[in-house]
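Protein chains: 2
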Amino acid sequence: MNPIDVDVAIIGAGTAGLTARRQAEANGATVALIDPGPYGTTCARVGCMPSKLLIAAAEAAHRARHAALFGVDTTVSIDGRRVMQRVQAERDRFAGFVQRAIEELRTRGVLIPGRARFLDDHRLEVDRVDGAPPLVVRAGSVVIATGSRPFVPPPYRGLSRDVLLTTDEIFELPDLPDSLLVVGAGVIGMELGQAMARLGVRTTILSLGGRIAFIDSEPVNAEAIRIFRQELDLHPHHELHEVEEVDGGVSVRFTDFDGRTRTERYARVLMGAGRVPNWEGLGLENTRLTLDDRGRPEVNPYTHQVEDSHIFVAGDVAGHRPLLHEAADEGRLAGLNAARYPHVLAEPRKTPLSIMFTDPQVAVVGDRWPDLSCADHRVGVVDYGDQGRARVMGENRGMVRIAGAAGTGQLIAAQMIGPRVEHTAHLLAWAIQGRMLVSEALDRPFYHPVIEEGIRTALRDLQSKLHLSYKPEHPCEEWGAGT
Amino acid sequence: MNPIDVDVAIIGAGTAGLTARRQAEANGATVALIDPGPYGTTCARVGCMPSKLLIAAAEAAHRARHAALFGVDTTVSIDGRRVMQRVQAERDRFAGFVQRAIEELRTRGVLIPGRARFLDDHRLEVDRVDGAPPLVVRAGSVVIATGSRPFVPPPYRGLSRDVLLTTDEIFELPDLPDSLLVVGAGVIGMELGQAMARLGVRTTILSLGGRIAFIDSEPVNAEAIRIFRQELDLHPHHELHEVEEVDGGVSVRFTDFDGRTRTERYARVLMGAGRVPNWEGLGLENTRLTLDDRGRPEVNPYTHQVEDSHIFVAGDVAGHRPLLHEAADEGRLAGLNAARYPHVLAEPRKTPLSIMFTDPQVAVVGDRWPDLSCADHRVGVVDYGDQGRARVMGENRGMVRIAGAAGTGQLIAAQMIGPRVEHTAHLLAWAIQGRMLVSEALDRPFYHPVIEEGIRTALRDLQSKLHLSYKPEHPCEEWGAGT
Numbered sequence: 039m040n041p042i043d044v045d046v047a048i049i050g051a052g053t054a055g056l057t058a059r060r061q062a063e064a065n066g067a068t069v070a071l072i073d074p075g076p077y078g079t080t081c082a083r084v085g086c087m088p089s090k091l092l093i094a095a096a097e098a099a100h101r102a103r104h105a106a107l108f109g110v111d112t113t114v115s116i117d118g119r120r121v122m123q124r125v126q127a128e129r130d131r132f133a134g135f136v137q138r139a140i141e142e143l144r145t146r147g148v149l150i151p152g153r154a155r156f157l158d159d160h161r162l163e164v165d166r167v168d169g170a171p172p173l174v175v176r177a178g179s180v181v182i183a184t185g186s187r188p189f190v191p192p193p194y195r196g197l198s199r200d201v202l203l204t205t206d207e208i209f210e211l212p213d214l215p216d217s218l219l220v221v222g223a224g225v226i227g228m229e230l231g232q233a234m235a236r237l238g239v240r241t242t243i244l245s246l247g248g249r250i251a252f253i254d255s256e257p258v259n260a261e262a263i264r265i266f267r268q269e270l271d272l273h274p275h276h277e278l279h280e281v282e283e284v285d286g287g288v289s290v291r292f293t294d295f296d297g298r299t300r301t302e303r304y305a306r307v308l309m310g311a312g313r314v315p316n317w318e319g320l321g322l323e324n325t326r327l328t329l330d331d332r333g334r335p336e337v338n339p340y341t342h343q344v345e346d347s348h349i350f351v352a353g354d355v356a357g358h359r360p361l362l363h364e365a366a367d368e369g370r371l372a373g374l375n376a377a378r379y380p381h382v383l384a385e386p387r388k389t390p391l392s393i394m395f396t397d398p399q400v401a402v403v404g405d406r407w408p409d410l411s412c413a414d415h416r417v418g419v420v421d422y423g424d425q426g427r428a429r430v431m432g433e434n435r436g437m438v439r440i441a442g443a444a445g446t447g448q449l450i451a452a453q454m455i456g457p458r459v460e461h462t463a464h465l466l467a468w469a470i471q472g473r474m475l476v477s478e479a480l481d482r483p484f485y486h487p488v489i490e491e492g493i494r495t496a497l498r499d500l501q502s503k504l505h506l507s508y509k510p511e512h513p514c515e516e517w518g519a520g521t
Numbered sequence: 039m040n041p042i043d044v045d046v047a048i049i050g051a052g053t054a055g056l057t058a059r060r061q062a063e064a065n066g067a068t069v070a071l072i073d074p075g076p077y078g079t080t081c082a083r084v085g086c087m088p089s090k091l092l093i094a095a096a097e098a099a100h101r102a103r104h105a106a107l108f109g110v111d112t113t114v115s116i117d118g119r120r121v122m123q124r125v126q127a128e129r130d131r132f133a134g135f136v137q138r139a140i141e142e143l144r145t146r147g148v149l150i151p152g153r154a155r156f157l158d159d160h161r162l163e164v165d166r167v168d169g170a171p172p173l174v175v176r177a178g179s180v181v182i183a184t185g186s187r188p189f190v191p192p193p194y195r196g197l198s199r200d201v202l203l204t205t206d207e208i209f210e211l212p213d214l215p216d217s218l219l220v221v222g223a224g225v226i227g228m229e230l231g232q233a234m235a236r237l238g239v240r241t242t243i244l245s246l247g248g249r250i251a252f253i254d255s256e257p258v259n260a261e262a263i264r265i266f267r268q269e270l271d272l273h274p275h276h277e278l279h280e281v282e283e284v285d286g287g288v289s290v291r292f293t294d295f296d297g298r299t300r301t302e303r304y305a306r307v308l309m310g311a312g313r314v315p316n317w318e319g320l321g322l323e324n325t326r327l328t329l330d331d332r333g334r335p336e337v338n339p340y341t342h343q344v345e346d347s348h349i350f351v352a353g354d355v356a357g358h359r360p361l362l363h364e365a366a367d368e369g370r371l372a373g374l375n376a377a378r379y380p381h382v383l384a385e386p387r388k389t390p391l392s393i394m395f396t397d398p399q400v401a402v403v404g405d406r407w408p409d410l411s412c413a414d415h416r417v418g419v420v421d422y423g424d425q426g427r428a429r430v431m432g433e434n435r436g437m438v439r440i441a442g443a444a445g446t447g448q449l450i451a452a453q454m455i456g457p458r459v460e461h462t463a464h465l466l467a468w469a470i471q472g473r474m475l476v477s478e479a480l481d482r483p484f485y486h487p488v489i490e491e492g493i494r495t496a497l498r499d500l501q502s503k504l505h506l507s508y509k510p511e512h513p514c515e516e517w518g519a520g521t
């Protein structure tokens, strides 16, 4: 019983590890799934789900506050404890589904609660969380799926746990904080910063480099900064002078995006400055893998294999596409390849899709914008400021830019900020993955009046910039008023 | 100057007539566009746009009222005059775009304000609205695009204009009515009935036949009735005993959906019982066309031509697909064919798509459900009652059914009620038009957590019912918690 022999050892029972487990077993492998807990996946416990729950509350407050536009008068008061209670109760429910699956795996003896460390290429020592003596697991192949953790930039590392929050802590608060400094304008910083501000928390968002999240089209980034700064104390770039923990919070001195030097106090500081992969403590130095100067191996992004070895890496720790749906795909393929090693397959990756659930939402689809310089292309544009349905709903702001290849009009990429972008981004991601031409997209149905008609406007613009059609004199006569 | 000679005469300056005009001129034809007004299209003046504006106000009120779920406490009061003012102001703005295009056409002499009537196959007499003597227009070919008007069922025809409202009048009201009887549970009746109810108007919706709008899948219809009846005094079937105009409104005695006989008073009655095509007064009996017993010719739904004649029919009057985006397509092709007659083309129709903008929304995509009996198929289902993102937003209700062909899994049709269906219906309509297989759809990206993941659940269900894949034991382990 000690050592335990299995075909596949999987380190980490998050999204990637769980799909790897299923796929490895489905391919006939015996599996040990090693994780010290807490269980329930980053997404369900501290990521996608609780953040969307907080956003749902913020959106309810925001919409109620702005109903007067429609002739609906309201008063709004926010009960921070109830806001957090719903976030926690629903979050626990979502994480509970995963935890029940984990419990079954523990009962079956597949899950070993503990921390794994390579002793050599095929042997892992498991430091068990229940205090039992360490186990040794001998595995034909190994999947590393250890995930990631919040990054804390150096100036904030001295802050105590009374003040410093990461996504591991913020959803545990019993009530909304009095005030909040958000460090970083990435997805986490922007989503939670805007949600907190809309829930009445005095919030400042400080970032470096002048970019909002993953946007890399200059005009879309500029539009995002313009829109979000109308509502938020947002500084996409700033100079930090001093961070000091004070009674009941933190005092921060910084020069803001407008060049003003300010000293502000906040009750709490939330880290939204990205996540770092969990490579530490794995004992990779005891294997034959070649490691870079940070102690990390190089992972093939198509097969998830390290070199030609029996070791595979999937999910956030690999750092290729740290998103739930990609982690699930990577885990599945890593599990398959681990079970069938040395017979290893690649799999076509899905069209890249990233969404930020702010209001307005932001998305990028397909190739990164700088990569477009390699292809002869044009960009079709729509300004949602004057789009019919968006105006009807009072959400008429934003911009969508769609790139298509010269000569054919094949759709390549899109960068988007605007209403309901999570949906139109799916439409475009599906079209791009299907290698759809702009002419084919324009032959598809667009109902009226819908947000999708704004996408059509951008496609028409793209088509005429590619000289694949003429521009009509009166779009409203051609396509209906308010498209 | 009298008669006027043109290549193409177009009767009706609505959506179909305007696109026909543009296409005919683009193909070198001289055009007379004949319409007595009011100008601005059915859609912009009395259809899609003002209804969506009223719905936007209703949704603002509804969401504000139900924010407590999220920990946001509100009071809500509705200012009916301001509600209607926004509807009218924005509606006028949308219709104004069309009216300006019309004005240019009038200046250019293309638009002749008046009513047209065939004198013979090629000559139209125009009864001018400005009191000038009638004109005769001699045309090589003719496009009939006279649109439709609200249908008033016989029991309500005796009501005075003080009580009876159609979509021609309801958006002109200076204030919300005190109470409203809606006749018909089609798109107009359901959209406006629910909007009025949510704006605090005591509203009853009475219909015949037990169906909600265009739904023809039994389980989806049953789910729609169940959901809407939780909120609305909705009777998909009823027996009408008496309608009587009384002081300040109407008194109606009916046996409702639950078999109770009730007598109710309402300040106003809104017709939502469909629209009838405007065939009257065209003098078609003076042409060589064969007319049915209602005096209507048979129109080819692909070329829009009547028999092999020089007369074409487009838009609502044709009755094939009375929707803005279809009317625009039909007008374009009818205009092209009228200009190039006798050289006449068909054009592939778009995948059928109908959307009802209630909450939850309803849509049907692709083939009608009864037509599916001609194809060996299976139906994949998702219940939105337990869908992750829908639950996060507190909109977790509804059902989507997707049909796919046996053997290949090619997607055929969908019937849907649920959150954000207007967007997922576009995704499925595009997929169906592209002849996508269920396996291809499942290879496309689905972000997390999104409403689209519910569609994936239905696709997975379809795939396993078609025996094109196995069903996983733990969906949450495979695809993430709360998908």
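From first to last, the protein sequence lines stand for chains U and H.
Under my numbering, the first residue of the first sequence is numbered 39, with each subsequent residue one higher.
Under my numbering, the first residue of the second sequence is numbered 39, with each subsequent residue one higher.
All residues carry an ideal CB built from backbone N, CA and C; glycine is no exception.
Which of helix, strand or coil DSSP assigns to H:Phe-135: Residue 135 of chain H sits at position 97 when you count from the first residue of the second sequence. Helix, per DSSP.
Can you say whether H:Lys-509 is buried or exposed, counting buried as having 16 or more other CB atoms within 10 angstroms of its CB? Translated into positions along the second sequence, residue 509 of chain H becomes position 471. Its Cβ having fewer than 16 others within 10 Å, H:Lys-509 is exposed.
Shorter than 7 Å from the beta carbon of H:Lys-90 to some beta carbon of chain U? By 1-based counting over the second sequence, the position of residue 90 of chain H is 52. Answer yes: the Cβ-Cβ gap between H:Lys-90 and chain U drops below 7 Å somewhere.
Please name the residues in the stretch 384–398 of chain H whose beta-carbon is closer than 7 Å to at least one beta-carbon of chain U, in chain order. Lys-388, Thr-389, Leu-391 and Ile-393
Determine whether the Cβ of H:His-486 lies closer than 7 Å to any Cβ atom of chain U. Sequence index remark: in the second sequence, residue 486 of chain H carries index 448 (1-based). It does; some Cβ of chain U falls within 7 Å.
Which residues of chain U have a Cβ atom closer than 7 Å to the Cβ of H:Gly-472, listed in chain order? Taking the first residue of the second sequence as 1, we reach residue 472 of chain H at position 434. Under the 7 Å cutoff, chain U gives Gly-472.
Would you give the residue range spanned by the beta strand (DSSP E) that H:Ser-245 belongs to? Translated into positions along the second sequence, residue 245 of chain H becomes position 207. From DSSP, H:Ser-245 is part of no beta strand (DSSP E); its letter is neither H nor E.
Given a threshold of 16 other Cβ atoms within 10 Å of its Cβ, counted over all protein chains shown, does U:Ala-384 qualify as buried or as exposed? Sequence index remark: in the first sequence, residue 384 of chain U carries index 346 (1-based). Result: exposed.
Can you confirm whether H:Thr-112, when its beta carbon is compared against all beta carbons of chain U, has any partner nearer than 7 Å? Working through the second sequence from its first residue, we reach residue 112 of chain H at position 74. So yes, H:Thr-112 belongs to the interface.
Rounded to whole angstroms, how far is the Cβ of U:Asp-294 from the Cβ of U:His-273, which I believe are closer than 8 Å? On the first sequence, position 256 is the one that residue 294 of chain U refers to. On the first sequence, position 235 is the one that residue 273 of chain U refers to. Between U:His-273 and U:Asp-294 the Cβ distance is about 5 Å, and since that is below 8 Å, they are a contact.
Quick one: which chain U residues come within Cβ less than 9 Å of H:Ile-440? Start at 1 with the first residue of the second sequence, and residue 440 of chain H comes out as number 402. Within chain U, no residue comes near H:Ile-440; the closest Cβ sits about 15 Å away, beyond 9 Å.
Check U:Glu-280 in the structure and name its three-state DSSP category. By one-based count along the first sequence, residue 280 of chain U stands at place 242. Strand at U:Glu-280.
Distance CB(H:Arg-176)-CB(H:Arg-161) smaller than 7 Å: Mapped onto the second sequence, residue 176 of chain H falls at position 138. Mapped onto the second sequence, residue 161 of chain H falls at position 123. Going by C-beta atoms, H:Arg-176 is nearer than 7 Å to H:Arg-161.
Is U:Ala-372 closer than 7 Å to U:Ala-352 when the C-beta atoms are compared? By one-based count along the first sequence, residue 352 of chain U stands at place 314. By one-based count along the first sequence, residue 372 of chain U stands at place 334. For U:Ala-352 and U:Ala-372, yes; Cβs fall inside 7 Å.
Give a yes or no on whether the C-beta atoms belonging to U:Pro-398 and U:Ile-440 are separated by under 7 Å. Sequence index remark: in the first sequence, residue 398 of chain U carries index 360 (1-based). Sequence index remark: in the first sequence, residue 440 of chain U carries index 402 (1-based). Result no, Cβ atoms of U:Pro-398 and U:Ile-440 do not sit closer than 7 Å.
Going along chain U, which residues have a C-beta under 7 Å from H:Gly-520? To locate residue 520 of chain H, count along the second sequence from 1; it is residue 482. Under the 7 Å cutoff, chain U gives Ala-82, Met-87 and Phe-132.
Contact set between H:Ala-467 and chain U, taken where Cβ atoms lie within less than 9 Å: As a first step, residue 467 of chain H is located in the second sequence; it is residue number 429 there, counting from the start. Result: Arg-482, Pro-483 and Tyr-485.
Please tell me whether H:Phe-209 and H:Val-307 are closer than 7 Å, where the distance is taken between their beta carbons. If you number the second sequence from 1, residue 209 of chain H lands on position 171. If you number the second sequence from 1, residue 307 of chain H lands on position 269. Their beta carbons are not under 7 Å apart, which means H:Phe-209 does not touch H:Val-307 by this criterion.
State buried or exposed for H:Asn-375, treating a residue as buried only when at least 16 other CB atoms are found within 10 Å of its CB. Residue numbering aside, residue 375 of chain H sits at position 337 when the second sequence is read from its first letter. Its Cβ being crowded by 16 or more others within 10 Å, H:Asn-375 is buried.
DSSP three-state assignment for U:Gly-152, whether helix, strand or coil: In the first sequence, the residue the question calls residue 152 of chain U occupies position 114. Strand, per DSSP.
How many whole angstroms separate the CB atoms of H:Ala-251 and H:Val-400, which I take to be in contact at a CB cut-off of 8 Å? Position 213 of the second sequence, counting from 1, holds the residue named residue 251 of chain H. Position 362 of the second sequence, counting from 1, holds the residue named residue 400 of chain H. At roughly 6 Å, the Cβ-Cβ gap stays under 8 Å, so H:Ala-251 and H:Val-400 are in contact.
Any beta-carbon of chain U closer than 7 Å to the one on H:Ala-376? Counting from 1 along the second sequence, the entry for residue 376 of chain H is found at position 338. Chain U contact via Cβ: absent.
In terms of alpha-carbon separation, which member of H:Glu-207, H:Gly-222 and H:Pro-151 lies closest to H:Val-174? Position 136 of the second sequence holds residue 174 of chain H. The shortest Cα separation from H:Val-174 among H:Glu-207, H:Gly-222 and H:Pro-151 belongs to H:Pro-151.
Cβ-based burial, U:Glu-490 [other Cβ within 10 Å; buried from 16]: On the first sequence, residue 490 of chain U is found 452 positions in, with the first residue counted as 1. So U:Glu-490 ends up on the buried side.
According to the neighbour-count rule (16 or more other Cβ atoms, all chains shown, within 10 Å of its Cβ), is U:Ser-179 buried or exposed? Locating residue 179 of chain U in the first sequence gives position 141, where the first residue counts as 1. It is buried - the Cβ of U:Ser-179 has at least 16 other Cβ atoms within 10 Å.
Tell me, please, whether the stretch 341–356 of chain U touches the stretch 479–493 of chain H by the rule of three or more beta-carbon pairs shorter than 8 Å. no
Answer yes or no: does any C-beta atom of chain U fall closer than 7 Å to that of H:Gly-522? Given a span of 39 to 521 for chain H in the structure shown, any question on residue 522 of chain H remains unanswerable.
Can you list, in chain order, the residues of its chain whose CB lies under 6 Å from that of H:Pro-88, leaving out five sequence neighbours each side? Translated into the one-based positions of the second sequence, residue 88 of chain H becomes position 50. Excluding positions up to five away in sequence, the list reads Val-125, Arg-129 and Phe-209.
In the structure shown, what three-state DSSP assignment does U:Tyr-304 receive? Here the question's residue 304 of chain U lines up with position 266 in the first sequence. The answer is strand: DSSP assigns U:Tyr-304 an E or B state.
Does any CB atom of chain U fall closer than 7 Å to the CB of H:Leu-320? Translated into the one-based positions of the second sequence, residue 320 of chain H becomes position 282. With 7 Å as the cut-off, H:Leu-320 does not count as an interface residue toward chain U.
Can you tell me which of U:Leu-504, U:Gly-66, U:Val-44 and U:Ile-72 puts its alpha carbon nearest to the alpha carbon of U:Leu-56? As a first step, residue 56 of chain U is located in the first sequence; it is residue number 18 there, counting from the start. Looking at the Cα atoms, U:Ile-72 is the closest of the given residues.
Taking a contact to mean a Cβ-Cβ separation below 7 Å, would you say H:Val-44 touches H:Ala-70 in this structure? Against the second sequence, residue 44 of chain H aligns to sequence position 6. Against the second sequence, residue 70 of chain H aligns to sequence position 32. Yes, Cβ-Cβ distance for H:Val-44 and H:Ala-70 is below 7 Å.
For U:Val-314, write down the residues that DSSP places opposite it in a beta bridge. Stepping through the first sequence from its first residue, residue 314 of chain U is reached at position 276. U:Val-314 is bridged to U:Arg-187.
Rounded to a whole number of angstroms, what is the C-alpha to C-alpha distance between U:Gln-343 and H:Leu-475? By one-based count along the first sequence, residue 343 of chain U stands at place 305. By one-based count along the second sequence, residue 475 of chain H stands at place 437. Cα to Cα, the separation comes out at about 30 Å.
Hey, how far is the Cα of H:Glu-460 from the Cα of H:Pro-188? Counting from one through the second sequence, the residue named residue 460 of chain H turns up at place 422. Counting from one through the second sequence, the residue named residue 188 of chain H turns up at place 150. Looking at the two C-alpha atoms, the distance is approximately 25 Å.
Just the C-alpha distance for H:Thr-521 and H:Val-488, rounded to the nearest angstrom, thanks. As a position in the second sequence, residue 521 of chain H is number 483, starting the count at 1. As a position in the second sequence, residue 488 of chain H is number 450, starting the count at 1. Between H:Thr-521 and H:Val-488, the C-alpha separation is close to 7 Å.
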